[in-house]
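Residue numbers (full-length UniProt numbering): 1 to 702.
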């Protein structure tokens, strides 16, 4: 007791378990560098990996301008490796050892005890490590130098060998036939060092894209180090009752478990279900039911269940479709499984089912032939997808099996907005995988559906009418002020009767009729309660007052400026992805949630001083229209503005360029005293390197 009083608890920290990077996160241990070389000075030229062996090879640039670099030694090493002639096969094209290769080895065989931790705002987020790799310098260039030295010696000694070769043309040979290999001999051969080395050498290298510390993709991936469910959804292992914790410490014996009667694998009683953690209960229910309104789910979980915890858990195993929750595809089709009908792997099945779910977010009706034509899956698999969430109607197609849950959409707008952004990301992936056309992206309007419009509550109608009144009031007020200013400036003009100008106010009471014709088409153009088209988005949110519009423009301009000052070059697709991430980090009710269209975003990019770069993409490119639009910050206000402008002019005429071409052009336009460090800085701001060529950011077609 005395020791406990002397050592009081200062702070309690919540611990969360993040699973987004499970089996994907590696820790790289770099060798100790000199004090003059920091991580920012190191440029990763290329990276490749052998996934089965967990072997990584990185190629990093050496700062040859550093005072600690011995230039004469670097020139000597380059001469020994490549000789006097330089071509495309040369290791050091600059005739100077300006790069170094690092090869990895496993630091520990069992890394289950290790995790990466991130501390933020009083929360500790842990992600288990899948591997720890130590990077050591590779000296294969010395082997290359020795091989060239032996070749030169052999060439010098082989001057008079032509006559000897002629004499040795006729030679007696002995043919031997090997005996059949026994099983023991085969096992010894398979376990030998030479065989293992040969197997490892046969695995092909997979080239990787390297993203720097401040790159947008790196910032996006770092977000996965935080628990996506923010606590309760993914971390049920860390929240245990005393009885559950005791069960973990002292699990029941195998004999006791065998004594219990074995039930069918697909049968689970409600009593057994409620003994499981909340996340497991929701997962089992959604896996069996597949489609469920939130109210029904709460009734099945029993009284006293926290709805906030349920909302956190349900988002891990289901997606929101027309206000109802539909189980995720990867829950029904886990990794390393396949279709029972066609044998198609789970990854392909998940893509196809995601396409069906996404179609139902656009429309209440889906045509089976259209799904089969896009996904290229067998009819049995497509039928399974549709039966999970819809009902067949004769001569009409497949209709979503549950009505639109307006109550849930109205009560939880933040969940609806988050799900809407997730669906936008899924839509972008589907467009790229299936090469979707506009006819697939635009919801079809059927005659049968027009007879059944979506019900709009009285409160929504009142809000719509108020928004229309504000719009009309603002327009008439502007016209009045304009006419008044003209009267003051021009006394000789005809006088206008100001008394005839009247501000029109439309009725908003329940007793008088209101115009809702603009909202009659709201029956099916919804994505989880939010319209994805510009016109419908404006109609749902209403027209904002002038002051609110100014605040939205200021917030949007601040986001665009800060983003382009970090990235300098962005495609429209990447900019939209970063904007969605920015929206997800904002609190509910923020002004940017009022609805930002693609046109508004592009106009703001051009207003902030950016320019569109017309990159000549290859004719057979598979890039989407948003990926073909490339924008760049033309003037950042620093000393590298001219260099970047020259670089952007180069890429307006070429899709990909070699480094020496870029360096020569920069030297001609900006002066002969341009050093390697300045060129690296400009290339790092605007370009990426892949396969020995340089591309503008976001334009690489792998």
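All C-beta atoms in this analysis are idealised placements derived from N, C-alpha and C, irrespective of residue type, glycine included.
Residue range of the alpha helix (DSSP H) that includes residue 705: Nothing can be reported for residue 705, as the shown portion of the chain is limited to 1 through 702.
Residue 74 to residue 119 span [Cα, whole Å]: Stepping through the chain shown from its first residue, residue 74 is reached at position 74. Stepping through the chain shown from its first residue, residue 119 is reached at position 119. Straight-line Cα distance between these residues: approximately 43 Å.
Rounded to whole angstroms, what's the CA-CA distance from residue 434 to residue 485? Just pull it up for me. As a first step, residue 434 must be located in the chain shown, where it is residue number 434. As a first step, residue 485 must be located in the chain shown, where it is residue number 485. Taking the straight line joining both Cα atoms gives about 57 Å.
For residue 101, list the residues DSSP reports as bridge partners. For this step, residue 101 is matched to residue 101 along the chain shown. For residue 101, which the question treats as bridged, DSSP gives the partners 59.
With three or more beta-carbon pairs closer than 8 Å as the criterion, would you say the region 572-590 touches the region 660-673? no
Who are the Cβ neighbours of residue 358 in its own chain at under 7 Å, not counting the five residues just before and after it? Against the chain shown, residue 358 aligns to sequence position 358. The residues are 423, 426, 427 and 430.
Which full runs of the alpha helix (DSSP H) of 4+ residues lie inside the region 309-375, going along the chain? 329-332, 346-362 and 368-375
Between residue 209 and residue 690, is the Cβ-Cβ spacing less than 8 Å? Taking the chain shown and counting its residues from 1, the one referred to as residue 209 is at position 209. Taking the chain shown and counting its residues from 1, the one referred to as residue 690 is at position 690. For residue 209 and residue 690, yes; Cβs fall inside 8 Å.
Identify every residue that forms a DSSP beta bridge with residue 15. The sequence position of residue 15 within the chain shown is 15, counting from 1. DSSP output for residue 15 lists 124 as bridge partner(s).
Where residue 609 and residue 630 are concerned, what is the direct C-alpha to C-alpha distance, given to the nearest angstrom? Position 609 of the chain shown holds residue 609. Position 630 of the chain shown holds residue 630. The alpha-carbon atoms of residue 609 and residue 630 are separated by roughly 14 Å.
Can you look up residue 393 in the DSSP assignment and give me helix, strand or coil? Mapped onto the chain shown, residue 393 falls at position 393. Note: residue 393 maps to strand in three-state DSSP.
Residues bridged to residue 85 [DSSP beta-bridge criterion]: Here the question's residue 85 lines up with position 85 in the chain shown. According to DSSP, residue 85 bridges with nothing at all.
Could you compute how far the alpha carbon of residue 343 sits from the alpha carbon of residue 188? Taking the first residue of the chain shown as position 1, residue 343 is located at position 343. Taking the first residue of the chain shown as position 1, residue 188 is located at position 188. Roughly 36 Å between the two C-alpha positions.
Start-to-end residues for the beta strand (DSSP E) that takes in residue 137: Position 137 of the chain shown, counted from the first residue, corresponds to residue 137. Start and end: 131-137.
Identity of the residues DSSP links to residue 633 by a beta bridge: Looking up residue 633 in the chain shown gives position 633. DSSP, once it has assigned bridges, lists 610 as partnering residue 633.
Take residue 105 as the anchor and find which of 9, 620 and 30 has the nearest alpha-carbon. Mapped onto the chain shown, residue 105 falls at position 105. That would be 30, whose Cα lies nearest to the Cα of residue 105.
Going along the chain, which unbroken runs of the alpha helix (DSSP H) with 4 or more residues stay wholly within the region 614-670? 625-628, 641-651 and 659-670
If we count the other Cβ atoms within 10 Å of its Cβ and call it buried at 16 or more, is residue 281 buried or exposed? Here residue 281 is taken as the residue at index 281 of the chain shown, counted from 1. With 16 or more Cβ atoms within 10 Å of its Cβ, residue 281 is classed as buried.
Measure from the alpha carbon of residue 365 to the alpha carbon of each residue in 395, 27 and 338, then state which is nearest. In the chain shown, the residue the question calls residue 365 occupies position 365. Ranking the options by Cα distance to residue 365, first place goes to 395.
Backbone CA spacing between residue 126 and residue 670 [nearest angstrom]: Counting from one through the chain shown, the residue named residue 126 turns up at place 126. Counting from one through the chain shown, the residue named residue 670 turns up at place 670. Rounded to the nearest angstrom, the two C-alpha atoms are 49 Å apart.
Looking at the secondary structure, which residues open and close the beta strand (DSSP E) in which residue 688 lies? Against the chain shown, residue 688 aligns to sequence position 688. Going by DSSP, residue 688 is part of the beta strand (DSSP E) stretching over 687-690.
Counting only the same chain and skipping the five closest in sequence on each side, list residues whose C-beta sits under 7 Å from that of residue 614. In the chain shown, counting from the first residue as 1, residue 614 sits at position 614. For residue 614, where only same-chain residues beyond five positions count, the Cβ hits under 7 Å are 652.
Tell me whether residue 152 is buried or exposed, calling it buried when 16 or more other Cβ atoms sit within 10 Å of its Cβ. As a first step, residue 152 must be located in the chain shown, where it is residue number 152. Per the 10 Å Cβ criterion, exposed.
Looking at the strands, I want to know which residues DSSP matches up with residue 291. Here residue 291 refers to the residue found at position 291 of the chain shown. Answer is 326.
Neighbourhood of residue 417 by C-beta distance below 8 Å, restricted to the same chain and skipping five residues each side: Here the question's residue 417 lines up with position 417 in the chain shown. Closer than 8 Å at the Cβ level, and outside the excluded window around residue 417, lie 530, 583, 588 and 593.
How many Å lie between residue 309 and residue 701 at the Cα? Locating residue 309 in the chain shown gives position 309, where the first residue counts as 1. Locating residue 701 in the chain shown gives position 701, where the first residue counts as 1. Cα to Cα, the separation comes out at about 42 Å.
Among 351, 49 and 99, nearest to residue 61 - alpha-carbon criterion: Here residue 61 corresponds to residue number 61 of the chain shown, with the count starting at 1. Measuring C-alpha to C-alpha distances from residue 61 to each of 351, 49 and 99 identifies 99 as the nearest.
In whole angstroms, give me the CA-to-CA distance for residue 297 and residue 227. Taking the first residue of the chain shown as position 1, residue 297 is located at position 297. Taking the first residue of the chain shown as position 1, residue 227 is located at position 227. Their backbone Cα atoms lie some 24 Å apart in a straight line.
Rank 402, 17, 687 and 145 by C-alpha distance to the C-alpha of residue 128 and give the top, closest one. For the purposes of this step, residue 128 is identified with residue 128 of the chain shown, where counting begins at 1. The shortest Cα separation from residue 128 among 402, 17, 687 and 145 belongs to 17.
For residue 46, which residues does DSSP report across the bridge? One-based indexing of the chain shown puts residue 46 at position 46. Looking at the DSSP assignment, residue 46 forms a beta bridge with 59.
Would you kindly check if the distance between the Cβ of residue 102 and the Cβ of residue 65 is under 8 Å? Residue 65 sits at position 65 when you count from the first residue of the chain shown. Residue 102 sits at position 102 when you count from the first residue of the chain shown. Cβ distance not < 8 Å, so residue 65 and residue 102 don't count as in contact.
Sorted by chain position, which residues of the same chain lie with C-beta nearer than 7 Å to residue 90's C-beta, five sequence neighbours on each side aside? Start at 1 with the first residue of the chain shown, and residue 90 comes out as number 90. The answer, listed in chain order, is 82.
Assuming residue 355 contacts residue 400 under a Cβ cut-off of 8 Å, what Cβ separation, rounded to an integer in Å, is found between them? For the purposes of this step, residue 355 is identified with residue 355 of the chain shown, where counting begins at 1. For the purposes of this step, residue 400 is identified with residue 400 of the chain shown, where counting begins at 1. Wrong, their Cβ atoms sit about 15 Å apart, outside the cutoff.
Identify whether residue 23 lies in helix, strand or coil by the three-state DSSP scheme. Reading the chain shown from its first residue, position 23 is the one you call residue 23. The answer is coil: DSSP assigns residue 23 none of H, G, I, E or B.
Using CA atoms only, rank isn't needed, just tell me which of 48, 322 and 335 is closest to residue 406. By 1-based counting over the chain shown, the position of residue 406 is 406. It is 322 whose Cα lies nearest to the Cα of residue 406.
Run the CB neighbour count on residue 390, radius 10 Å, all protein chains shown included, and call it buried at 16 or more, exposed below. Reading the chain shown from its first residue, position 390 is the one you call residue 390. With 16 or more neighbouring CB atoms inside 10 Å of its own CB, residue 390 falls in the buried class.
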